[in-house]
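Notes for the one structure printed next.
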Amino acid sequence: MEKEGFIRSLTMLEERGVKVQAIVTDRHTGVQKVIREEKKDITHYFDPWHMGKGEEAVAKWTSVANHIQDVHAHDNALFPCCQHEPLVGERARQWLRPSTAACERLTAILLAPRFLKDVEKISPLYHTSYIEAFHSLIIRFSPKSVGFSFKGMLARLQISAMHYNENAQRTHARTSTVYIDKLMALLFECVVQDAAPYQEHSDNIPVPEPLCGQYERPDKKEAVSRHRSRFFKST
Ligand SMILES: [Zn+2]
1 MEKEGFIRSL
11 TMLEERGVKV
21 QAIVTDRHTG
31 VQKVIREEKK
41 DITHYFDPWH
51 MGKGEEAVAK
61 WTSVANHIQD
71 VHAHDNALFP
81 CCQHEPLVGE
91 RARQWLRPST
101 AACERLTAIL
111 LAPRFLKDVE
121 KISPLYHTSY
131 IEAFHSLIIR
141 FSPKSVGFSF
151 KGMLARLQIS
161 AMHYNENAQR
171 THARTSTVYI
181 DKLMALLFEC
191 VVQDAAPYQE
201 HSDNIPVPEP
211 LCGQYERPDK
221 KEAVSRHRSR
231 FFKST
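Using the working numbering, read the sequence shown as starting at 1 and increasing by one per residue.
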């Protein structure tokens, strides 16, 4: 689904004349393959949110191991100290105490060599934390435990987008009623009075066939044995 969503979104942008030069995604392998094989002109970056640029990024990353212990000066010329304001008073955090089990374990994860190698490839400029925030908002309008029709999902995504755009720039979570008032006015003053044009608009929305319809049902025996061999390989 991630790959299909990626292809559709990119196609939509390109159809509307956007020339995409670089793209930042998580490390989804299907998406990586599409960009590598079919979109060779696009530079692909990984998002720092999902990893956890180069040497400086590694220096910043490893500084986190200090930061979580309330140490904000680092023994590294590339990133000698944290860039945040002093975290005192109201801004103080619950720091991890050095040498405790929790601190040791988190530090081991942060500084794992294989992980640090991937940190080198993360995006220098852009990251998708806004998208992550948007995604968690989508879940509130359209819980994953419920299956929605394509148009039902589309409507919920559109409402999520409006809600997000109204609230994203605010420092604290405050619910704005501006777009809700507009929606209510539209609903009761226009749609209820004459639903025909809105129904017509809805009828004209092209609905793609379900993703699962694009795949042939594999032979059960073959699918089971493939799953097993993958399982054994990964262990
Ligand atoms: Zn710090």
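All residues carry an ideal CB built from backbone N, CA and C; glycine is no exception.
Is the beta carbon of residue j closer than 8 Å to that of residue i?
| i | j | result |
| --- | --- | --- |
| residue 45 | residue 22 | yes |
| residue 96 | residue 62 | no |
| residue 179 | residue 137 | no |
| residue 107 | residue 65 | yes |
| residue 60 | residue 30 | no |
| residue 42 | residue 24 | no |
Going along the chain, which residues of its own chain have a beta-carbon closer than 7 Å to the beta-carbon of residue i, five neighbours each way excluded?
| i | result |
| --- | --- |
| residue 87 | 93 |
| residue 1 | 211 |
Going straight from the alpha carbon of residue i to that of residue j, what length do you get?
| i | j | result |
| --- | --- | --- |
| residue 52 | residue 75 | Bear in mind that the predicted position of residue 52 carries a pLDDT of just 45, short of 50, making it too unreliable to give a figure here. |
| residue 197 | residue 10 | 30 Å |
| residue 116 | residue 55 | 10 Å |
| residue 8 | residue 208 | 11 Å |
| residue 255 | residue 190 | Because the chain is modelled from 1 through 235, residue 255 falls outside the range shown and cannot be assessed. |
| residue 162 | residue 16 | 21 Å |
| residue 131 | residue 206 | 25 Å |
| residue 167 | residue 159 | 12 Å |
| residue 155 | residue 200 | 15 Å |
| residue 129 | residue 83 | 19 Å |
| residue 133 | residue 217 | 36 Å |
| residue 98 | residue 225 | 47 Å |
| residue 89 | residue 70 | 13 Å |
| residue 105 | residue 78 | 25 Å |
| residue 13 | residue 187 | 30 Å |
| residue 220 | residue 147 | 25 Å |
| residue 182 | residue 145 | 29 Å |
| residue 192 | residue 185 | 10 Å |
| residue 222 | residue 140 | 38 Å |
Based on Cα-Cα distance, which residue from the options lies nearest to residue i?
| i | options | result |
| --- | --- | --- |
| residue 5 | 34, 188 and 18 | 34 |
| residue 211 | 18, 150 and 200 | 150 |
| residue 157 | 142, 78, 39 and 70 | 142 |
| residue 114 | 58, 207 and 202 | 58 |
| residue 118 | 216, 193, 82 and 26 | 26 |
| residue 68 | 220, 152 and 102 | 102 |
| residue 152 | 186, 203 and 215 | 203 |
| residue 120 | 47, 218 and 145 | 47 |
Tell me the DSSP secondary structure of residue i in three-state form.
| i | result |
| --- | --- |
| residue 46 | strand |
| residue 195 | coil |
| residue 253 | Coverage of the chain is limited to positions 1 through 235, which leaves residue 253 absent and any answer about it impossible. |
| residue 100 | coil |
| residue 178 | helix |
| residue 188 | helix |
| residue 212 | helix |
| residue 68 | coil |
| residue 24 | strand |
| residue 112 | coil |
| residue 73 | strand |
Could you confirm whether any beta carbon from chain C is found closer than 8 Å to the beta carbon of residue i?
| i | result |
| --- | --- |
| residue 142 | The displayed structure is made up of one protein chain only, and chain C is not part of it. |
With a CB to CB cut of under 6 Å and the five nearest residues on each side skipped, what residues in its chain are close to residue i?
| i | result |
| --- | --- |
| residue 18 | none |
| residue 28 | 2 |
| residue 235 | Annotation note: pLDDT 48 at residue 235 (below 50); position unreliable, coordinate value reported separately. Within the same chain, residue 235 has no close Cβ partners at all. |
Below 8 Å CB to CB, which residues in the same chain sit around residue i once its five sequence neighbours on both sides are set aside?
| i | result |
| --- | --- |
| residue 91 | 85 |
| residue 80 | 73 and 74 |
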